[in-house]
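S.K.:
In our numbering, the protein residues as written are 2 to 454.
Listed below in structure tokens is the structure:
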């Protein structure tokens, strides 16, 4: 079979290598051309692929029997809208990898919390002695897993809407749905289209499927209505009805896991993660691990030993009495809202990047009294000023990211916090949110060294 791969970032590169390992001939292409892509081109060409950078050949793609689309490529972008490709099967890298995967899958989707829940499930399974790599939208591309020498016991997959858009056979043994909120409106014409791609998690549901659902989110429950399989629920608003198995948090924030006759209790003060929202993330991960037959005592121990992810409400340090927090992974308004709600000090908020089509006005509900000043920066700065300046102090910083952080350091007072939670994509200044968060951490760490002598 001849396979076309469109987009050669991490997942596209992995899909091309997997296709060749399975005996397929490969044509791969990317519209970009930089040092990283040239290295990918070198590796793939040495493995036997035909690779184009700086554009795509529709003629070559038309000779393929299957086209694998990387998640960063919009459905009608570049060559994909060409009528010559209309009759060729088109799937996501997630679907392509799943076809060669022998391990059962735990898939995690939703608007926010996916990465934390995915990483925590993997952590809990590994504490129980299971080989359970985290893959998909987090860290390792799923196409790398079928090439491992030893088949994992489980694969925990973070599945974005882009990855779920073009699936056919993808069917997780356990599916986790964290929450839903408008996102990616720079790519989707309507929020309903975004939700519809998320709903593909349930597309191949069967009676043996297990679903872990957010009982506090009406949209999640609506999408899951009538879907076959066993259901477990989690809620941070108090006890579940007696007929429903799952987990919940009490008014004090203590977490209770109730599965059959067994109950696990974890104190809120013991959870090593910032923010009340992480109780929901922890409950979802605990339920998924329990349904994968991890003993409750190991779940509790693993929960307490988990240290969270970089760039997600990550404490960087305290400099001159100011607490600096890296939440660069907050690339949508809903995620930034959660971060703001987690703040316990007066906060200078760094808001900006590439605009994704969402209004910023919904943040006002949680800003008072937590946020003292907003520093608006990047391409989205005019939108932020327009939405928020009439209601709260907003300062537009027209300069580099380093200048934004320097301005935050100049105006933050002892006892306050500086929160990088941009609510925007990073692509105006950085390759990804990780690079943005790493630069923030570097600047703060250097300032701490200077301050401490």
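Note that beta-carbon positions come from the ideal geometry of N, C-alpha and C, so glycine has one too.
Helix, strand or coil for residue 450 per DSSP?
M.R.: Within the chain shown, numbered from 1, the residue matching residue 450 stands at position 449. Reduced to three states, the DSSP call for residue 450 is helix.
S.K.: Could you check where the beta strand (DSSP E) with residue 256 kicks off and where it finishes?
M.R.: In the chain shown, residue 256 corresponds to position 255, counting from 1. Run containing residue 256: 256-260, per the beta strand (DSSP E) assignment.
S.K.: Can you tell me the Cα-Cα spacing of residue 113 and residue 41, whole angstroms?
M.R.: Position 112 of the chain shown, counted from the start, is the residue given in the question as residue 113. Position 40 of the chain shown, counted from the start, is the residue given in the question as residue 41. So the two alpha carbons sit approximately 30 Å from each other.
S.K.: My output table needs one value for residue 301: the three-state DSSP class, helix, strand or coil.
M.R.: Position 300 of the chain shown, counting from 1, holds the residue named residue 301. Looking at residue 301 - three-state DSSP - the assignment turns out to be helix.
S.K.: Identify whether residue 119 lies in helix, strand or coil by the three-state DSSP scheme.
M.R.: Translated into positions along the chain shown, residue 119 becomes position 118. Three-state result, residue 119: helix.
S.K.: Alpha carbon to alpha carbon, how far is residue 15 from residue 143?
M.R.: Taking the first residue of the chain shown as position 1, residue 15 is located at position 14. Taking the first residue of the chain shown as position 1, residue 143 is located at position 142. If you take the alpha carbons of residue 15 and residue 143, they lie about 8 Å apart.
S.K.: Which residues bound the alpha helix (DSSP H) around residue 384?
M.R.: Taking the chain shown and counting its residues from 1, one reaches residue 384 at position 383. Here the alpha helix (DSSP H) through residue 384 covers 382-389.
S.K.: I need the boundaries of the beta strand (DSSP E) containing residue 235, first residue and last residue.
M.R.: Taking the first residue of the chain shown as position 1, residue 235 is located at position 234. Start and end: 231-236.
S.K.: Could you tell me how far apart the beta carbons of residue 1 and residue 327 are, in whole angstroms, since I believe they sit closer than 8 Å?
M.R.: Here the chain has residues from 2 to 454 only, and residue 1 is not among them.
S.K.: Within the chosen definition, does the segment 127-145 reach the segment 170-190 through at least 3 CB pairs nearer than 8 Å?
M.R.: Contact between the segment 127-145 and the segment 170-190 is absent, because fewer than three Cβ pairs lie under 8 Å.
S.K.: When the Cα atoms are used, what is the spatial distance from residue 62 to residue 24?
M.R.: Here residue 62 refers to the residue found at position 61 of the chain shown. Here residue 24 refers to the residue found at position 23 of the chain shown. Those two C-alpha atoms are separated by around 18 Å.
S.K.: Could you check how far apart the C-beta atoms of residue 121 and residue 286 are, in whole angstroms? I think they sit under 8 Å.
M.R.: The count along the chain shown starts at 1 and reaches residue 121 at position 120. The count along the chain shown starts at 1 and reaches residue 286 at position 285. That belief holds up - the Cβ atoms of residue 121 and residue 286 are roughly 4 Å apart, short of 8 Å.
S.K.: Just how far apart, CA to CA, sit residue 11 and residue 157?
M.R.: As a working mapping, residue 11 is identified with position 10 in the chain shown. As a working mapping, residue 157 is identified with position 156 in the chain shown. One C-alpha to the other measures close to 17 Å.
S.K.: Go ahead and pull the three-state DSSP assignment for residue 363.
M.R.: Translated into positions along the chain shown, residue 363 becomes position 362. Looking at residue 363 - three-state DSSP - the assignment turns out to be helix.
S.K.: Rounded to whole angstroms, what is the Cα-Cα separation between residue 161 and residue 108?
M.R.: Reading the chain shown from its first residue, position 160 is the one you call residue 161. Reading the chain shown from its first residue, position 107 is the one you call residue 108. Whole-angstrom Cα-Cα distance: 10 Å.
S.K.: Rounded to the nearest angstrom, how far is the Cβ of residue 195 from that of residue 187, given a contact under 8 Å?
M.R.: Locating residue 195 in the chain shown gives position 194, counting from the first residue. Locating residue 187 in the chain shown gives position 186, counting from the first residue. So it is not a contact: roughly 11 Å between Cβ atoms.
S.K.: How long is the line joining the alpha carbons of residue 366 and residue 384, rounded to whole angstroms?
M.R.: One-based indexing of the chain shown puts residue 366 at position 365. One-based indexing of the chain shown puts residue 384 at position 383. Approximately 18 Å, taken between the alpha carbons.
S.K.: Ends of the alpha helix (DSSP H) at residue 316?
M.R.: Locating residue 316 in the chain shown gives position 315, where the first residue counts as 1. Looking at the DSSP string, residue 316 is not in any alpha helix (DSSP H); the run it does join, the beta strand (DSSP E), is 315-320.
S.K.: Which residues bound the beta strand (DSSP E) around residue 107?
M.R.: In the chain shown, residue 107 corresponds to position 106, counting from 1. Where residue 107 is concerned, the enclosing beta strand (DSSP E) stretches over 106-110.
S.K.: Starting from residue 136, trace the beta strand (DSSP E) both ways and give me its first and last residue.
M.R.: The residue you call residue 136 lines up with position 135 of the chain shown. Where residue 136 is concerned, the enclosing beta strand (DSSP E) stretches over 135-137.
S.K.: How many angstroms separate the CA atom of residue 343 from the CA atom of residue 119?
M.R.: For this step, residue 343 is matched to residue 342 along the chain shown. For this step, residue 119 is matched to residue 118 along the chain shown. Roughly 21 Å between the two C-alpha positions.
S.K.: Between the Cα of residue 140 and the Cα atoms of 346, 222, 386, 310, which residue gives the shortest distance?
M.R.: Translated into positions along the chain shown, residue 140 becomes position 139. Of the listed residues, the one whose Cα sits closest to residue 140 is 310.
S.K.: Just mark residue 35 as buried or exposed, buried being the case when its beta carbon has 16 or more other beta carbons within 10 Å.
M.R.: The count along the chain shown starts at 1 and reaches residue 35 at position 34. Result: exposed.
S.K.: Would you identify the three-state DSSP class for residue 51, choosing helix, strand or coil?
M.R.: Here residue 51 refers to the residue found at position 50 when the chain shown is read from its first residue. Residue 51 falls in the strand class under three-state DSSP.
S.K.: Where residue 37 and residue 138 are concerned, what is the direct C-alpha to C-alpha distance, given to the nearest angstrom?
M.R.: Here residue 37 is taken as the residue at index 36 of the chain shown, counted from 1. Here residue 138 is taken as the residue at index 137 of the chain shown, counted from 1. So the alpha carbons of these two residues sit roughly 19 Å apart.
S.K.: Measuring only the C-alpha atoms, how far is residue 266 from residue 354?
M.R.: Within the chain shown, the letter at position 265 stands for residue 266. Within the chain shown, the letter at position 353 stands for residue 354. When rounded, the distance between both Cα atoms is 41 Å.
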